[in-house]
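Residue numbering for the sequence shown is 0 to 157, as defined by numbering that gives the first Met the number 0.
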Amino acid sequence: MKLPDLPWAVTAVAAGQEAIRGGSLAWLTFVIAASAVALVVCGVLSARRTLHPNLIAGIRTAFTMDSARNWYAVHDRAAPVFTGSGLFYALSIVPLFLFDNAGAQALPMLALVLLGTGVMVVGTVRAQRAAKHARAEEDARGDALADEDPYEGGGRGR
Numbered sequence: 000m001k002l003p004d005l006p007w008a009v010t011a012v013a014a015g016q017e018a019i020r021g022g023s024l025a026w027l028t029f030v031i032a033a034s035a036v037a038l039v040v041c042g043v044l045s046a047r048r049t050l051h052p053n054l055i056a057g058i059r060t061a062f063t064m065d066s067a068r069n070w071y072a073v074h075d076r077a078a079p080v081f082t083g084s085g086l087f088y089a090l091s092i093v094p095l096f097l098f099d100n101a102g103a104q105a106l107p108m109l110a111l112v113l114l115g116t117g118v119m120v121v122g123t124v125r126a127q128r129a130a131k132h133a134r135a136e137e138d139a140r141g142d143a144l145a146d147e148d149p150y151e152g153g154g155r156g157r
């Protein structure tokens, strides 16, 4: 029984002999670099509050798309997460040019991409939870302030 032919990249990694070079290296570098730039740009725009609600870039959940207030509350908190993830992605390109072995190139690259993705996932979930909590507190304070009589200096019943 003949085993199926494996793609050259799988064979190279399994053998640990051939490095990622040429067009494959250029394409992989381009895709990772473009992803890194997109994440850093989203982080900078979020920090400046210029990443407005849209359907293409940013954290698009039911909560963030519900209102501009929610969008900015989450993105204010997630700005460092975007930037940090982008930096992990950018660092993942370095092993591609340091090593002459596909395994040595691929393992640290994949580890850094996975780390950047993990930071993004955990960070966005935490940013949204923090924004929801802050909004609930603001709404509660707003209700308490609405109950106060500004002319009496106290709340109800005073």
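For each residue, glycine too, the CB sits at the ideal point set by N, CA and C.
This one's a predicted model, so the numbers in the text were calculated from it and none came from an experiment.
CB contact flag (residue i, residue j, <8 Å)
| i | j | result |
| --- | --- | --- |
| Phe87 | Leu111 | yes |
| Ala18 | Asn69 | no |
| Leu95 | Thr49 | no |
| Ala130 | Ala67 | no |
| Val80 | Val118 | yes |
| Ala78 | Ser45 | yes |
| Ser84 | Ile31 | no |
Through-space distance from residue j to residue i, alpha-carbon basis
| i | j | result |
| --- | --- | --- |
| Gly57 | Ala139 | 28 Å |
| Asn38 | Ala61 | Per the sequence shown, the amino acid found at residue 38 is Leu instead of Asn. If I take the Cα positions, the gap works out to 21 Å. |
| Glu137 | Gln104 | 49 Å |
| Arg76 | Leu54 | 19 Å |
| Gly154 | Leu114 | With a pLDDT of only 49 at Gly154, under 50, the local geometry of the prediction cannot be trusted, and the value read off the model is given with reservation. Their backbone Cα atoms lie some 50 Å apart in a straight line. |
| Arg179 | Phe98 | The question about residue 179 has no answer, for the chain in this structure spans 0 to 157. |
| Trp26 | Arg128 | 37 Å |
| Val120 | Arg20 | 31 Å |
| Met64 | Arg125 | 17 Å |
| Ser23 | Thr116 | 22 Å |
| Leu106 | Gly141 | 52 Å |
As assigned by DSSP and simplified to three states, the class of residue i
| i | result |
| --- | --- |
| Ile31 | helix |
| Asn100 | coil |
| Gly115 | helix |
| Leu54 | coil |
| Arg134 | helix |
| Thr60 | coil |
| Ser23 | helix |
| Ala110 | helix |
| Arg140 | helix |
| Ser66 | coil |
| Thr49 | coil |
| Ala89 | helix |
| Ala18 | coil |
Neighbour-count burial assignment, residue i, 16 or more Cβ in a 10 Å radius
| i | result |
| --- | --- |
| Gly191 | Residue numbering for the chain in the displayed model covers 0 to 157; residue 191 lies beyond these limits and cannot be assessed. |
| His132 | exposed |
| His51 | exposed |
| Gly122 | buried |
| Ala35 | buried |
Any non-hydrogen atom of the ligand ZN within 7 Å of residue i CB
| i | result |
| --- | --- |
| Phe98 | With respect to the ligand ZN, the structure shown offers nothing to examine, as it has no ligands at all. |
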